[in-house]
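First residue of the sequence shown: 2, per the numbering used here; consecutive thereafter. The beta-carbon is built from N, C-alpha and C at its ideal position, and this holds for glycine as well. The structure appears right after this line, and notes come after that.
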Amino acid sequence: MTREDEQLVLRARDVKFDWSALPMHWIPGEPQATHTINVLHLALPEGERWFVEVFKQAVPLIRDERLKADVLGFIGQEAVHAEAHDGAAAHLEAAGVRVRPYTAQMEWLFRKLLGDRGLTGAAAEEWLVERLGIVAAIEHYTAFLGQWVLDAPLEDAGADPVMLDLLRWHGAEEVEHRSVAFDLFMHLDGRYTRRVRSMAAVTPVLAWVFARGTRYLMRNDPTRPGRATLRGYRRAAKRGLLPTGRQLLREIRPYFRKTYHPTETGNTEQAVAYLASSPAARAAG
């Protein structure tokens, strides 16, 4: 299915979440799985604000009105995602987890390493396209994670319903807009070598972000749950509470095909159905 076949109109939903009753380990008895997913609250806000700034710079270069509308919808959705995860991170801070040292590292990554470099002319456009390739690669993973969280049996494990709604609302929107970054990159550049290079760079960095973030949160959890371990990850993944390594590898390979398109990943109908039933999205109107 192509982006044109789906005929979706992307829009931001002004969701709100009440964290007042959220337990520290919102998957009962699973501190490591809880904190691996909690890394999203610390890493995503800076990343999503960076997406927004990069896409805003690209808007004047877009020559296709349908794509421009999709990009503007993507910008609106990502801005709301950042705010929602900021709220969850603030709750962790209030509950006794020092999140600032880790979020400061994310600020350095997105604002300094991947930020604007004072370039002009052709050099500025080349750096913009390079970053769009990186966004497209990251969005491949967020689409996979979005579909994963829609399917994962987290409610069977007793996951907090408010947190589960945040994750599934966000995941559904990631599936909903999964083609936009890729389509924009292809529209402005599309070089296969750049696409491959971007994915090769993004994959180990994302693995580092989640591994370091999980260890950090486990160390700073005031309930002292112990260390994060690979064995603990595998045990949680076996229960369906985290993606398995096999699932992740299976999703990486298609991106390297020259004919790949993001509509191959995720179920649009399932995502749209969840957005129609999400408590936070329904409340937003």
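Handout entry: Where the alpha helix (DSSP H) containing N39 begins and where it ends
Key = 32-59
Problem - Three-state secondary structure (DSSP) of D71 - result: helix
Problem - Proximity below 9 Å, CB of P46 to CB of T121 - result: no
Exercise for the section: State the DSSP-derived secondary structure class of I296, mapped to helix, strand or coil. Expected result: Outside the modelled stretch of the chain, which goes from 2 to 286, sits residue 296, for which no answer is possible.
Exercise for the section: Run the CB neighbour count on D6, radius 10 Å, all protein chains shown included, and call it buried at 16 or more, exposed below. Expected result: Residue confidence is low: D6 scores 48 on pLDDT, short of 50, so the model does not pin down where it sits. Its coordinate-derived value is still stated next. Burial call: exposed.
Exercise for the section: May I ask you to report which of helix, strand or coil DSSP gives K17? Expected result: coil
Exercise for the section: Pick helix, strand or coil for L120, following the three-state DSSP scheme. Expected result: coil
Practice task
Spell out a yes or no on whether the segment 156-169 and the segment 114-133 are touching, meaning 3 or more CB-CB pairs, one atom from each, closer than 8 Å.
Solution key: no
Exercise for the section: Check each candidate in I253, R258, E49, E177 and name the one with the smallest Cα separation from A208. Expected result: Of I253, R258, E49, E177, the smallest CA-CA separation from A208 is found for I253.
Practice task
Can you say whether D117 is buried or exposed, counting buried as having 16 or more other CB atoms within 10 angstroms of its CB?
Solution key: exposed
Problem - Alpha-carbon spacing of G267 relative to Q148, whole angstroms - result: Put simply, the backbone Cα of G267 is about 5 Å away from that of Q148.
Exercise for the section: Could you work out which residue in M200, L62, Q78 is closest to Y16 when comparing CA atoms only? Expected result: Note on residue identity: the sequence assigns Val, not Tyr, to residue 16. Here the closest residue by C-alpha is Q78.
Practice task
State buried or exposed for Y275, treating a residue as buried only when at least 16 other CB atoms are found within 10 Å of its CB.
Solution key: buried
Exercise for the section: Specify, as a first and last residue, the run of the alpha helix (DSSP H) that D166 falls within. Expected result: 162-177
Problem - Reduced DSSP category for M25 - H, G, I as helix; E, B as strand; rest coil - result: coil
Practice task
Helix, strand or coil for Y261, going by three-state DSSP, please let me know.
Solution key: coil
Exercise for the section: Let me know if S279 comes out buried or exposed under the rule of 16 or more other beta-carbons within 10 Å of its beta-carbon. Expected result: Around the beta-carbon of S279, 16 or more other beta-carbon atoms lie within 10 Å, marking it buried.
Exercise for the section: Helix, strand or coil for G159, going by three-state DSSP, please let me know. Expected result: In the structure shown, G159 sits in coil (DSSP, three-state: anything other than H, G, I, E or B).
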